[in-house]
Amino acid sequence: MNYMGNPAARAPDAARGTLRLVMYLVAALILMTADHRGGYLDALRERASTLRGPLYWLAASPVRVARDVTTAVTDQRSVIAQNDELREALLRAQAQIARQSTLDDENLRLRALLGSRYRLSLDARMAAIVDVDLDPFRQRVVLDAGSAQGVRVGQALMDARGLLGQVVEAPPQRAVALLITDASHTTPVEVVRTGLRTLAFGTGDSERLRLPYIPFSADVKVGDELVTSGLGRRFPAGLPVATILTIEADDSGTFAVATARPTADLLRYGEVLLLREEAVPIAAARPAAASSSMGPPAPPAGVAAGISPPLRNPARGTSPDAARAVTESAPAAEQQ
Amino acid sequence: MTRLRWSGLPLLASVIGGLLLSLAPLPLALAPFKPFWIALVVIYWSLEQPEHMGLGRAFLLGLLCDLATGAMLGEQALRLTIIVFIVLRFRSRMRFFPMLQQSLAVFALLVNDRVIALALRLLSGAGWPDWSFWGAPLIGTLFWPWLFLLLDELRRMPRRGVA
Numbered sequence: 001m002n003y004m005g006n007p008a009a010r011a012p013d014a015a016r017g018t019l020r021l022v023m024y025l026v027a028a029l030i031l032m033t034a035d036h037r038g039g040y041l042d043a044l045r046e047r048a049s050t051l052r053g054p055l056y057w058l059a060a061s062p063v064r065v066a067r068d069v070t071t072a073v074t075d076q077r078s079v080i081a082q083n084d085e086l087r088e089a090l091l092r093a094q095a096q097i098a099r100q101s102t103l104d105d106e107n108l109r110l111r112a113l114l115g116s117r118y119r120l121s122l123d124a125r126m127a128a129i130v131d132v133d134l135d136p137f138r139q140r141v142v143l144d145a146g147s148a149q150g151v152r153v154g155q156a157l158m159d160a161r162g163l164l165g166q167v168v169e170a171p172p173q174r175a176v177a178l179l180i181t182d183a184s185h186t187t188p189v190e191v192v193r194t195g196l197r198t199l200a201f202g203t204g205d206s207e208r209l210r211l212p213y214i215p216f217s218a219d220v221k222v223g224d225e226l227v228t229s230g231l232g233r234r235f236p237a238g239l240p241v242a243t244i245l246t247i248e249a250d251d252s253g254t255f256a257v258a259t260a261r262p263t264a265d266l267l268r269y270g271e272v273l274l275l276r277e278e279a280v281p282i283a284a285a286r287p288a289a290a291s292s293s294m295g296p297p298a299p300p301a302g303v304a305a306g307i308s309p310p311l312r313n314p315a316r317g318t319s320p321d322a323a324r325a326v327t328e329s330a331p332a333a334e335q336q
Numbered sequence: 001m002t003r004l005r006w007s008g009l010p011l012l013a014s015v016i017g018g019l020l021l022s023l024a025p026l027p028l029a030l031a032p033f034k035p036f037w038i039a040l041v042v043i044y045w046s047l048e049q050p051e052h053m054g055l056g057r058a059f060l061l062g063l064l065c066d067l068a069t070g071a072m073l074g075e076q077a078l079r080l081t082i083i084v085f086i087v088l089r090f091r092s093r094m095r096f097f098p099m100l101q102q103s104l105a106v107f108a109l110l111v112n113d114r115v116i117a118l119a120l121r122l123l124s125g126a127g128w129p130d131w132s133f134w135g136a137p138l139i140g141t142l143f144w145p146w147l148f149l150l151l152d153e154l155r156r157m158p159r160r161g162v163a
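Chains as they are written, first to last, in my numbering: chain A, 1 to 336; chain B, 1 to 163.
Take a look at the structure:
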């Protein structure tokens, strides 16, 4: 019973312990404030990412092994069935792309007629979600690519069905993305049917988004589809985001509040697309030199908003071929 | 000399194990119930070998966890420091508790930690979590006796091996 034996001897010891506790608490609070408010510690984080790589690799290895085993023991019949399914899906997608490309051509012509200098081109690369659980109360995922592979902070992330989120940290090897359902995330959206623009807030629940600022006069129905509006310049316009589930009045009665279910599959982990939107000059009536200095090289002629799987070289330069292709396509459009 | 080197090994192994466990993916429905593994490990060492796990080490370990999980820097450092402080205060009593009572004490520690985490979360502007937020201390407590026995075994192993 040493601890209660001699109060006089214990008191200074306890006081020192408390003092040290207070010291550490203050240090932790200062760190948190610096990190949360100022973002001063980003450099430190970048450096720590070299440490994180192997750690994440190790932590994800049980899942990787399990997946390999599943692959090894999957029987041939189910593979064949899956193959058929995928082939059908591919056919459907190709048919859609064929239709899309005529629309894109038309869009290009119309934009050229309107005198718009830019058209938007989407550029995407595949990345896989690493099976690592960060904080269960924040909706974030780790990707297996980083700034060394051309990933940039702010890039939009989507799966085959819709918008997933955006990249918030891009160290050299493993980028971290914030999902649209995170409580701190807001997505500028537009109702497809009416063109109403509003904001969709994350709720922390991966099945729900919240749209608190809908005027009562607005025409919004259950089942309406929401796409990105392109305002705020973070996300390209027109990506599917969510479908309206419920609409009711808010507490003050000034706005209607809607909830929506994300279109993308936020529960499934797997492959995702990282988008990069670039304004590509159409250069209808402009000299080629001026237009090519306006932005990055245009993709080969004929692909307007096509998604080209490999990421283009991030180094900015001009490719004369592409610039010519674009300048040539514009006059052709005017003749029609 | 050899003994000194050996004695640090179980600590290191358990800390790395705890870190990996806290990063290991769980099905989304179960994710909120994931115990605060590092806290359990830290409680064990500060209880059994306080000379190896003081406030300073808890703080550094917390910083490491924050970097690994990408949380707000200092959050887990603060939480672990508080846990170790409480354990060290009540150490002489907690050590001689029977296992059931000790588990209850650990439950109290984990719930207290959850309250602190909630306070930090609200301060940083995140919303209220749902009820499953309070499930993690319960699961952590259920794991405590097994973890305690495992770490006890791990701690004694090198000593036995050297002797």
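Glycine included, each C-beta is placed from N, C-alpha and C at the ideal position.
Small disclaimer: the values here were computed from a predicted structure and weren't measured.
Under the DSSP assignment, residue 213 of chain A falls in the beta strand (DSSP E) whose first and last residues are 209-214. Annotated three-state conformation of residue 239 of chain A is coil, per DSSP. Straight across, the Cα-Cα distance linking residue 84 of chain A with residue 138 of chain A is about 38 Å.
Its chain contains 127, 128, 130 and 174 as the residues whose beta carbon lies nearer than 7 Å to that of residue 144 of chain A, once the 5 sequence neighbours on both sides are disregarded; these appear in chain order. Per DSSP, the continuous alpha helix (DSSP H) segment holding residue 75 of chain B begins and ends at 75-94. When the Cα atoms are used, residue 19 of chain B and residue 68 of chain B turn out to be separated by approximately 8 Å. By the beta-carbon neighbour count (other beta carbons within 10 angstroms, threshold 16), residue 155 of chain A is buried.
Between residue 52 of chain A and residue 274 of chain A, the C-beta gap is not smaller than 8 Å, which leaves the two residues out of contact. Counting only runs of at least 3 residues, the segment 127-207 of chain A fully encloses the following beta strand (DSSP E) elements, listed from N- to C-terminal order: 140-143, 156-158, 163-169, 176-179, 186-191 and 197-202. The alpha-carbon of residue 89 of chain A is positioned some 32 Å away from that of residue 233 of chain A. According to DSSP, residue pairing for residue 69 of chain A in a beta bridge does not occur.
In the DSSP assignment, residue 105 of chain B falls outside any beta strand (DSSP E) and within the unbroken alpha helix (DSSP H) covering 99-123. Beta-carbon to beta-carbon, residue 228 of chain A and residue 239 of chain A are separated by about 5 Å, close enough to satisfy the 8 Å threshold. Of all residues in the segment 70-92 of chain B, those with a C-beta nearer than 8 Å to a C-beta of chain A are 70, 71, 72, 73, 74, 75, 77, 78, 81, 82, 85, 88, 89 and 92, reading in chain order. Spanning the alpha carbons of residue 138 of chain B and residue 34 of chain A requires a straight line of approximately 33 Å. At least 8 Å separates the CB of residue 153 of chain A from every CB of chain B.
Counting the other CB atoms within 10 Å of its CB gives residue 40 of chain A a total below 16, which places it among the exposed residues.
Buried is the label assigned to residue 206 of chain A, since at least 16 other Cβ atoms lie within 10 Å of its Cβ. For residue 113 of chain A, the secondary structure class from DSSP, reduced to helix, strand or coil, is helix. For the set B/43, B/140, B/35 and B/60, the Cα lying nearest the Cα of residue 25 of chain A is the one of B/60.
By the C-beta density criterion, residue 111 of chain A is buried, having at least 16 other C-beta atoms within 10 angstroms.
Residue-level contact by beta carbon fails for residue 185 of chain A and chain B, as no gap is shorter than 8 Å. Closest by C-alpha distance to residue 161 of chain A, out of A/97, A/86, A/168 and A/266, is A/266.
Per the DSSP secondary-structure output, residue 145 of chain B pairs with nothing in a beta bridge.
Interface residue (Cβ-Cβ distance to chain A less than 8 Å): residue 103 of chain B is not classified as such. Taking 8 Å as the cut-off, the beta carbon of residue 176 of chain A is found closer than this to the beta carbon of residue 140 of chain A. Judged by DSSP secondary structure, residue 225 of chain A falls within the beta strand (DSSP E) whose first and last residues are 225-228. Residue 17 of chain A reaches chain B at 55, 85, 88 and 89, counting residues in chain order whose Cβ is nearer than 8 Å.
By the rule that beta-carbons nearer than 8 Å mark a contact, residue 213 of chain A does not touch chain B. In the DSSP annotation of this structure, the continuous segment of the alpha helix (DSSP H) that includes residue 41 of chain B starts and ends at 37-48.
Within the model, the alpha-carbon separation for residue 19 of chain A versus residue 85 of chain B is close to 11 Å. For a Cβ distance threshold of 8 Å, residue set 70 of chain B lies close to residue 176 of chain A, ordered along the chain. For residue 34 of chain A, no beta strand (DSSP E) segment is defined, and its DSSP state is neither H nor E. Taken through DSSP and simplified to helix, strand or coil, residue 261 of chain A comes out as strand. For residue 124 of chain B, at least one C-beta of chain A is nearer than 8 Å to its own C-beta.
For residue 246 of chain A, the beta-bridge partners assigned by DSSP are A/259.
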